[in-house]
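Residue numbers (our numbering): -1 to 196.
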């Protein structure tokens, strides 16, 4: 689709349902620069329905960690899975990071950025994990998590889902990294917000 066609598609969807619903084929064809264009064109009040792959993730989350799902979606004035257009560029990447879970109010946040691994211990841990990866050596869950965090921000739920790792193992990896002084775990949403640029 051209930019003009995409804008017309969005306008029609807004007029029809008051939010944008991208059909799967349309969503899969949106280029990153088009996603940035749309995010810039529409205000943060304009909502779009998460793509099906991300809805599948959140249905998994509802089963695996219902308290987190409720923290995110229970009090939504509108239907669950409607989010601001600001997040569209992140979601068209399809890199397994998805809609960031980083502003939980009733539960501890497990959202991590490379800034939280900037101490010498964190850099050394990432370098060691990178060497193992480049040499095709097996990685521990903590090493894999460190590499994912260093590559781009990610929450523990998307990490577990992306790599098919039990949540308890993913959270144990966080504890290991914290105990090794390789990671700073900021659980409070307000404090965490200072480190986030999604």
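Positions of the beta carbon are idealized from the N, C-alpha and C atoms, including for glycine.
Hey, would you say residue 102 sits closer than 8 Å to residue 73, going by beta carbons?
no
Out of 0, 163, 180, which one is the CA nearest neighbour of residue 62?
163
Are residue 158 and residue 86 close, meaning C-beta to C-beta below 8 Å?
no
Quick check: the Cα distance between residue 24 and residue 122, rounded to an integer number of angstroms?
43 Å
Leaving out five residues on either side along the sequence, give the residues of the same chain with a beta carbon under 6 Å from the beta carbon of residue 151.
111
Inspect the CB distances between the stretch 120 to 135 and the stretch 31 to 49 and report whether three or more fall short of 8 Å.
no
From the DSSP secondary-structure annotation, give me the bridge partner or partners of residue 82.
45
Any chance you could list the beta strand (DSSP E) runs of at least 3 consecutive residues sitting entirely within the stretch 65 to 128, in chain order?
80 to 82
Quick check on residue 186: does DSSP put it in helix, strand or coil?
coil
Going by other Cβ atoms of all chains shown within 10 Å of its Cβ, with 16 needed for buried, is residue 65 buried or exposed?
exposed
Looking at the strands, I want to know which residues DSSP matches up with residue 153.
109
Given 8 Å, three or more beta-carbon pairs between the stretch 6 to 23 and the stretch 53 to 60:
no
Identify which residue in 115, 114, 113, 174 has its Cα closest to the Cα of residue 138.
174
Counting only beta-carbon separations shorter than 8 Å, does residue 147 have a partner in chain D?
The structure shown contains no chain D; it holds only a single protein chain.
Using a 10 Å radius around the Cβ and a threshold of 16 neighbouring Cβ atoms, would you call residue 153 buried or exposed?
buried
Inter-residue spacing [alpha-carbon to alpha-carbon] between residue 96 and residue 89
5 Å
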